[in-house]
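Going line by line, the protein sequences match chains A and B.
All residue numbers for the first sequence refer to our numbering, where the first residue is 1 and numbers rise by one.
All residue numbers for the second sequence refer to our numbering, where the first residue is 1001 and numbers rise by one.
Only one structure is covered here, and it is reproduced in the block below.
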Amino acid sequence: MGEALVVKTMEEYMAEGKEPEILFWVGSAGSYDDRAKKISRAFVKILNKAKVDFAVLGPEESCTGDVAKRAGNEFLFQMQAMMNIEVLNGYGIKRIVTCDPHSFNTLKNEYPSLGGNYSVVHHTQFIKELMDTGRLSIEGQTYKDKRITFHDPCYLGRANSVFEAPREVLAKTNAKITEMKRHKKTALCCGAGGAQMFKEPETGDMDINVLRTQQALETSPDIIATGCPYCNTMMTDGIKAHEKEDSVKVLDVAELIASSGNL
Amino acid sequence: MNLIIPMISFIPNIVFALFLAFGIGYFIKNVKKLIRNIKLGREADITGNKGQRWKNMAMIALGQSKMVVRPIAGLMHIIVYVGFVIINIEVLEIIIDGLLGTHRIFAFLGGFYDFLIGSFEILAFLVIVAVLIFWVRRNVIRLKRFIKPEMEGWPKKDGNLILYIELVLMFLFLTMNATDLQLQQMGVEHYVEAGAFPISQFIAPLFEGMSQESLVLMERTAWWLHILGILFFLNYLYFSKHLHILLAFPNTFYGKLNPQGQFNNVEAVTNEVKLMMDPSADPFASTTEEDTEEPEKFGASDVMDLNWVQLLNAYTCTECGRCTSECPANQTGKKLSPRKIMMDTRDRLEEVGKNIDANKGAFQPDGKQLLDDYISREELWACTTCNACVEACPVSIDPLSIIMEMRRFLVMEQSAAPTELNNMMSNIENNGAPWPYNQMDRLNWVNE
């Protein structure tokens, strides 16, 4: 990927006696999943370009427990949550940004009742903020007139009513944004939520991701944009099932911005 | 003789009063049963902004804001809803007339009365049209969501019966007015000239040439059947999915206020986890004090383990199936149907209620439960927790919360998660990630 990324841990900030502007919660997918790691890198490029003082927890970060909670394991969720809260509160973290809508939802909505109170934003919201305040602008025309359709991640859209930020950010690429019939509040799930990502689906006549990509393909897109590493995996697999991997790409909003701005 | 005649003339009033008392009394009896059954649930979190709750009720139940998401069904539904609410003003007059032996007692309102009766008639006509369209959607077009497996048998019949009853009530109302109009025009005593009849004026000619006696008989029959029909319908509610016309109001009031993605925190777990994580805690301190108490059951395997709002949800569901038609699992042929989750919960709760009735107020274990006997594990594990069902519900029912409580039971009480999920969870326990990677490698992505 070429030039080195500047990523500092909270521990390093502490040693320097400094405080970052925001904590980047990378999440398990963003840390370990090969496809999602590219999203983390693209987002850091944006942060570096906008000269944002951000920190990561690195080895001190642990799974939010979101997926354990959706699977029904409240014990494991709360154990994870309390460990993370101890670390976050220990560093006095106030603001968190993440590329994963599941982490976003859990940190924002489910950590407060366990003692973790932070201002949490999704990376598409943060990118929009950087653009609105003039800290980031896109010069490139890479995606001009390309057809992009945005797949709303359930835990960003329906679950937390964040619909506009990703769309406004995408609009900055000068691409042509097309909407699927089911979008925003009525968007269809990619099939990964509720711990489905980690198990085989129950017997049925179709896989959910194949149905959702079919809906996306109906808009004849060049690119399917997402804002979630799990949606990304599901939609990518769906595109393969439709044998469209040569003509349609699945990209995260952060990747689109990073490559559009020639970062 | 002199005494008997006035007594006889009071008989209709007395019969009416008896029917009315019985109709309302039996309804109240069932409402009490309904409340008792709902209270079998655990405590629910109903804190939060009261103002927002009233607003939700006003917008969603009274204002039908979520019905119109689907414009055709929404518009038809508003007609039937407004029709029934407004036409029921007429029922007030019918009840007073019935008790006092008067006829059209509000006739003194003059022009306003004409306006009222006139609008009731137009609404009645519109209700008939809407109900016919509803019937066609269910039985001729056979919309997918009305013919799912859980709709076979009674639910399908129930849906149609409601339409038939509404149709009959509207026809009786119009027949009553048409014969009344005919009698008014003949100048028959007791039939004061009052009201406007924009619809029944077209039915009235059918009765032309009939004798006064036959007309009075028809008018009275229609009048009686109409009010008896309403009392019957009122009592039918408890045995039907149609309870939503009442329960939609409390249900939208007590509906979830938090973001849809926020699942409730299980306090009982929090207490135990805190104890486990606190190095200074004495592990024996709490057990000795409370060892007579049974430890709280995690999650739900039966209706009594759910909270009362979830049980209210179950009684409120009118089986419209919007949830199921939006469900990604159901759309791709999986067994899960959020509507079935609600119907199963209600049916099991009714079964528990009958058990309590039969056993002098105390539930006797019947070897059955909501899990497995009603809702299968396959259904529970097919859910993506996407909230599409919650979003789709026009009356703020939350099927997902029931699915979650049942998953919690399976995982925390029975360790019965699918194997792959157990692997995922042990990865989290061991490495702090759902995959088997070393926690120390969390930053490797930076330099790859």
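Virtual Cβ for every residue (Gly too), placed ideally from N, Cα, C.
Asked, Found
"Give me the subset of the stretch 1028 to 1056 of chain B whose CB atoms are less than 8 Å from a CB atom of chain A, sorted by chain position.", "none"
"Which same chain residues, not among the five before or five after B/Gly1074, have their C-beta less than 6 Å away from its C-beta?", "Met1067, Val1068"
"Expressed to the nearest angstrom, what Euclidean distance is found between the alpha-carbon atoms of B/Ala1222 and B/Leu1312?", "36 Å"
"Taking only beta-carbon positions, decide if A/Tyr32 is within less than 9 Å of chain B.", "yes"
"Write down the C-beta distance between A/Asp252 and A/Cys154 rounded to the nearest angstrom, noting that I regard them as a contact closer than 8 Å.", "In fact, because the Cβ distance is near 16 Å, the residues do not count as touching under 8 Å."
"Give, in chain order, every unbroken run of the alpha helix (DSSP H) that is at least 4 residues long and sits entirely within the stretch 1078 to 1159 of chain B.", "1111 to 1139"
"Just the Cα atoms here: how many angstroms apart are A/Lys244 and B/Ala1300?", "44 Å"
"Based on DSSP bridge pairs, tell me the residues matched to A/Ser119.", "A/Arg95"
"Less than 6 Å between C-beta atoms, sequence neighbours within five positions excluded: which residues of the same chain meet that for B/His1077?", "Met1067"
"Three-state secondary structure (DSSP) at B/Leu1400?", "helix"
"Sort A/Met234, A/Glu12, A/Val44 by Cα distance to A/Ser259 and report the nearest one.", "A/Val44"
"Count the other CB atoms within 10 Å of the CB of B/Glu1152; is the residue buried (16 or more) or exposed (fewer)?", "exposed"
"If the cut is a Cβ gap below 7 Å, which residues of chain B does A/Arg41 touch?", "Trp1445"
"Return no unless some Cβ of chain A is closer than 9 Å to the Cβ of B/Arg1442.", "yes"
"Judging by CA-CA distance, which residue of B/Leu1167, B/Arg1138, B/Glu1166, B/Leu1169 is the nearest neighbour of B/Pro1155?", "B/Arg1138"
"Name the two residues that bound the continuous alpha helix (DSSP H) containing B/Trp1381.", "1377 to 1381"
"Name the chain B residues that come within less than 7 Å of A/Arg70, Cβ to Cβ?", "Thr1385"
"For the stretch 156 to 169 of chain A, which residues have a CB atom closer than 8 Å to at least one CB atom of chain B, in sequence order?", "Arg158, Ala159, Asn160, Ser161"
"Mind checking if A/Lys185 is an interface residue toward chain B, Cβ cutoff 9 Å exclusive?", "yes"
"Please say whether B/Ala1248 and B/Ala1392 have beta carbons closer to each other than 9 Å?", "no"
"Answer with yes or no whether the minimum CB distance from A/Val121 to chain B is below 9 Å.", "no"
"Note down, in chain order, every chain A residue with its Cβ under 7 Å from the Cβ of B/Trp1381.", "Glu202"
"Starting from B/Phe1249, follow the alpha helix (DSSP H) in both directions and report where the run begins and ends.", "1244 to 1253"
"Can you tell which of A/Ser31, A/Ala36, A/Val250, A/Pro59 has its C-alpha closest to the C-alpha of A/Ala216?", "A/Val250"
"Just confirm the distance between the C-beta atoms of B/Ile1341 and B/Tyr1236, as a whole number of angstroms; I'd bet it's less than 8 Å.", "In fact, because the Cβ distance is near 24 Å, the residues do not count as touching under 8 Å."
"Among the candidates A/Ile148, A/Arg41, A/Val210, A/Glu164, whose CA atom is the shortest distance from the CA of B/Asn1447?", "A/Arg41"
"Going by C-alpha to C-alpha distance, which of B/Ile1227, B/Phe1115, B/Arg1220, B/Asn1049 sits closest to B/Gly1023?", "B/Ile1227"
"Any beta carbon from chain A within less than 9 Å of B/Asn1423's own beta carbon?", "yes"
"Have a look at A/Glu255, A/Gly204, A/Val7, A/Tyr118 and flag the residue whose alpha-carbon is nearest the alpha-carbon of A/Lys51.", "A/Val7"
"Within a Cβ cutoff of 6 Å, which residues of the same chain sit near B/Arg1322, ignoring the five residues on either side of it in sequence?", "Ala1392"
"Ordered along the chain, which non-local residues of its own chain (more than five positions away) have a Cβ less than 7 Å from that of A/Glu19?", "Tyr13"
"Would you check if there are 3 or more beta carbon pairs closer than 8 Å linking the stretch 117 to 136 of chain A to the stretch 60 to 72 of chain A?", "no"
"Taking Cβ-Cβ distances shorter than 7 Å, what residues in chain A pair up with B/Gln1262?", "Asn109, Glu110"
"What would DSSP say about A/Ala225, mapped onto helix, strand or coil?", "strand"
"So with Cβ pairs under 9 Å, would you call A/Pro59 a contact of chain B?", "yes"
"So what does A/Ile22 bridge to, in DSSP terms?", "A/Phe54"
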